[in-house]
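One structure is given below, encoded as structure tokens.
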Amino acid sequence: MVLFVLISAAWAQSPGKAAIATAHPQASEAGRDILAQGGNAFDAAVAIGAALAVVEPYGSGLGGGGFFLLRQSNGESPARYRFLDARERAPLAAHADLYRRGGRVERALSLDGALAAAIPGLPAALVELAERYGRLPLQSSLAPAIRLARQGFAVDRIYRQRAAFRLGALRDDPESARLFLVDGEIPAEGHRLRQPELADTLQRLADEGRDGFYAGANAARLVAGVRAAGGVWSREDLARYRVVDREPLRFRLAHQRELIGAPPPSAGGVALAQSLGMLEHLPWRNADRVQRSHYVVEVLRRAYRDRALLGDPDFVANPVERLLAPDYLRRLAAGIDRERATPSVPARGWREGDHTTHFAVMDAAGNAVAATLSINLPFGAAFSVPGSGVLLNDEMDDFAADLQGSNAYGLSGSPANAIAAGKRPLSSMSPTFIESPDELASFGTPGGSRIPSMVLLAVLEYLDGRPIARWPAAPRFHHQFLPDVVQYEPNAFTPEEIDQLRQRGHRLKALDAAYGNQQVLRWDKRSGEVEAASDPRGIGTAPVFPVEDAERSGR
Numbered sequence: 003m004v005l006f007v008l009i010s011a012a013w014a015q016s017p018g019k020a021a022i023a024t025a026h027p028q029a030s031e032a033g034r035d036i037l038a039q040g041g042n043a044f045d046a047a048v049a050i051g052a053a054l055a056v057v058e059p060y061g062s063g064l065g066g067g068g069f070f071l072l073r074q075s076n077g078e079s080p081a082r083y084r085f086l087d088a089r090e091r092a093p094l095a096a097h098a099d100l101y102r103r104g105g106r107v108e109r110a111l112s113l114d115g116a117l118a119a120a121i122p123g124l125p126a127a128l129v130e131l132a133e134r135y136g137r138l139p140l141q142s143s144l145a146p147a148i149r150l151a152r153q154g155f156a157v158d159r160i161y162r163q164r165a166a167f168r169l170g171a172l173r174d175d176p177e178s179a180r181l182f183l184v185d186g187e188i189p190a191e192g193h194r195l196r197q198p199e200l201a202d203t204l205q206r207l208a209d210e211g212r213d214g215f216y217a218g219a220n221a222a223r224l225v226a227g228v229r230a231a232g233g234v235w236s237r238e239d240l241a242r243y244r245v246v247d248r249e250p251l252r253f254r255l256a257h258q259r260e261l262i263g264a265p266p267p268s269a270g271g272v273a274l275a276q277s278l279g280m281l282e283h284l285p286w287r288n289a290d291r292v293q294r295s296h297y298v299v300e301v302l303r304r305a306y307r308d309r310a311l312l313g314d315p316d317f318v319a320n321p322v323e324r325l326l327a328p329d330y331l332r333r334l335a336a337g338i339d340r341e342r343a344t345p346s347v348p349a350r351g352w353r354e355g356d357h358t359t360h361f362a363v364m365d366a367a368g369n370a371v372a373a374t375l376s377i378n379l380p381f382g383a384a385f386s387v388p389g390s391g392v393l394l395n396d397e398m399d400d401f402a403a404d405l406q407g408s409n410a411y412g413l414s415g416s417p418a419n420a421i422a423a424g425k426r427p428l429s430s431m432s433p434t435f436i437e438s439p440d441e442l443a444s445f446g447t448p449g450g451s452r453i454p455s456m457v458l459l460a461v462l463e464y465l466d467g468r469p470i471a472r473w474p475a476a477p478r479f480h481h482q483f484l485p486d487v488v489q490y491e492p493n494a495f496t497p498e499e500i501d502q503l504r505q506r507g508h509r510l511k512a513l514d515a516a517y518g519n520q521q522v523l524r525w526d527k528r529s530g531e532v533e534a535a536s537d538p539r540g541i542g543t544a545p546v547f548p549v550e551d552a553e554r555s556g557r
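For the record, in the sequence shown the residue sitting at position 324 is 326 according to my numbering, with numbers rising by one throughout.
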């Protein structure tokens, strides 16, 4: 983790300096480069998102999608918030039985290979950010990523870990093996990985905008490659893809704070708001570690139970208002036994992949972006379209492919999240701002279904007044209703705390390794202090730096 702090005498409406927190040093540098050229936070977000697509092929990419939470600074007036939904969409040929063979759902078909891929949204989002919100031409903001793809980047320990997890699938696809392995093996640390075909695809996007990806020769190449490998994409799928501009989820917290987060098709914002809303009715602040952990597990249990009601808002009615109603949250909190765990009664649920990426950026004028990007499992579908450099997602596995059976997490399928043509799968990605008259804080992390619990634990550190370095470093534990078990990182609990939680009726499962890679920032409007921090579990950086002409960073 790298942590930087600068103090400024500026007050209230603009921080006067910029902050970036990303999971990779090269991505942070790309964002800083664009801000130095006079770009704003939205231009920097384009540069960061594209750079991550190059240096973190295991976490995001042009073949994936994501959510962008935007804060537009308006001087003395309240900031304006928008939510760009760049989630992938099911192909138009998709249907509820897409992965059923001989009467049974074959989950491997939704995990590996071309049939697992939904229509990507990240390229469209990069164009949207640049054209609607940015100050610089798209060519300028994509230039750092294009250089990275052509010149290469050094393979690091995180790349090697993620590649080891998906090594078999990468070997099974000749193009992915050629791009991401060396003679069928994981590249050595320090090996320079170059992606000239991806550089060409990025250049077409820079030169032609969305048509450079979703139309013309590139669209033809993508569709031909997918269909030759057994997928069901069409040129119409690509032509019809659009980013959706949605109202963000907004939820009032105590002490004049407001949570601004992800609405459906993310369930993460709802889960986070519900959890915080319930905790406001519980004495968590004054509780010891075991009691606090018990409260957190119980609010998560109830929030994750409710997510089975959610889905793509363009296809299903989401009862968000009812789920966030004060009386409802008060009743949920009142049902929590202070001393005993509540058994989880089987209900419908979901499954998600384990790795994405997250970044946060704020410019000197106070514009900010919190973005969570994904291709689902590490290296997505482990299928790359020949000649394009584009590694495709396996986000189709985020749908409920089997409404009768259960998945690898022991969760049964939710009808609200069933596969349908053109539908966006439910997600847990939770880019989040918390703002008050006194400060702005940003949170977000990769981690599949564990994302809301990770963000919640970081937010509690923030609400407790802990130093920003503690927010992403907090020990992690997780409960998602089903399976009815508390997962926890190594050393998250002491042996004594484990015993006490078990005595309360909790079933606990130690994980083999730490998880998540949270990126956070904070602006104290009272003192002018700006801080950013990157998760110590990763290799990210979090620079905070002055901008020579603060006005140039605003739109």
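All C-beta atoms, glycine included, are put in the ideal place defined by N, C-alpha and C.
Check: Might you give, ordered along the chain, the residues of its own chain that have their beta carbon closer than 6 angstroms to the beta carbon of G407, omitting 5 neighbours on each side?; Outcome: For G407, the pLDDT reaches just 49, beneath the cut-off of 50, and the residue's location in the model is therefore unreliable, leaving the point undetermined.
Check: Take A335 as the anchor and find which of H283, A420, P538 and R162 has the nearest alpha-carbon.; Outcome: H283
Check: Ignore the nearest five residues each way along the sequence and tell me which others in G211's own chain have a CB closer than 7 angstroms to its CB.; Outcome: V129 and L140
Check: Does the separation of the CB atoms of A132 and V48 fall below 8 angstroms?; Outcome: yes
Check: Is it right to say D87 is buried, meaning 16 or more other beta carbons lie within 10 angstroms of its own, or is it exposed?; Outcome: buried
Check: Kindly list the residues whose CB is nearer than 7 angstroms to the CB of R82, restricted to its own chain and excluding five residues on each side of it in sequence; keep chain order.; Outcome: Q74 and N76
Check: Look at the Cβ atom of R149, then the Cβ atom of G41, and state whether they are nearer than 8 angstroms.; Outcome: no
Check: Kindly indicate which residue of A38, M431, Q39 and V57 has the alpha-carbon position closest to the one of Q28.; Outcome: V57
Check: Note down, in chain order, each residue of its chain lying with its Cβ closer than 7 angstroms to the Cβ of G214, except the 5 sequence neighbours on either side.; Outcome: R206, L207 and N220
Check: Could you pull out every residue in the same chain whose Cβ sits closer than 7 angstroms to the Cβ of V228, ignoring the five residues on either side in sequence?; Outcome: A116, A119, W235 and V387
Check: Contact between the region 95-103 and the region 420-440: three or more CB pairs below 8 angstroms?; Outcome: yes
Check: So does A336 have its beta carbon nearer than 7 angstroms to some heavy atom of the ligand FAD?; Outcome: Absence of the ligand FAD is noted for the structure shown, with no ligands found whatsoever.
Check: If I measure Cβ to Cβ from L428 and keep anything under 7 angstroms in the same chain, skipping five residues before and after, which residues do I get?; Outcome: P267, A269, L312, G313, W352, D400 and N419
Check: If we count the other Cβ atoms within 10 Å of its Cβ and call it buried at 16 or more, is Q258 buried or exposed?; Outcome: exposed
Check: The beta strand (DSSP E) with M364 in it runs from where to where?; Outcome: T358 to M364
Check: Going by DSSP in three states, D87 sits in which element: helix, strand or coil?; Outcome: strand
Check: What's the gap between the Cα of A256 and the Cα of L465?; Outcome: 10 angstroms
Check: If you check the beta carbons only, do Q521 and T24 fall under 8 angstroms apart?; Outcome: yes
Check: If you drop the 5 nearest sequence neighbours on each side, which residues of the same chain put their C-beta closer than 7 angstroms to that of L281?; Outcome: Y297 and V301
Check: With P146 and D329 assumed to form a contact (beta carbons below 8 angstroms), what rounded beta-carbon distance in angstroms separates them?; Outcome: The pair is not a contact, with the Cβ atoms about 50 angstroms apart (cut-off 8 angstroms).
Check: Cutting at 8 angstroms between CB atoms, please list the residues of its own chain near E260, excluding the five before and the five after it.; Outcome: R252, F253, R254, I436, E437 and S438
Check: In terms of residues, what are the limits of the alpha helix (DSSP H) holding Y306?; Outcome: R291 to D308
Check: Since L128 is in the beta strand (DSSP E), which residue starts that stretch and which ends it?; Outcome: Taken as a continuous stretch (DSSP letters only), L128 belongs to no beta strand (DSSP E), being part of the alpha helix (DSSP H) at L124 to E130.
Check: Enumerated in chain order, which unbroken segments of the alpha helix (DSSP H) with a length of 4 residues or greater are wholly contained in the region 172-224?; Outcome: 176-182, 198-210 and 213-216
Check: In chain order, what residues of the same chain have a beta carbon less than 8 angstroms from the beta carbon of R244, not counting five sequence neighbours either side?; Outcome: A126
Check: Quick check on the DSSP output: the beta strand (DSSP E) that includes V559 runs from which residue to which?; Outcome: Residue numbering for the chain in the displayed model covers 3 to 557; residue 559 lies beyond these limits and cannot be assessed.
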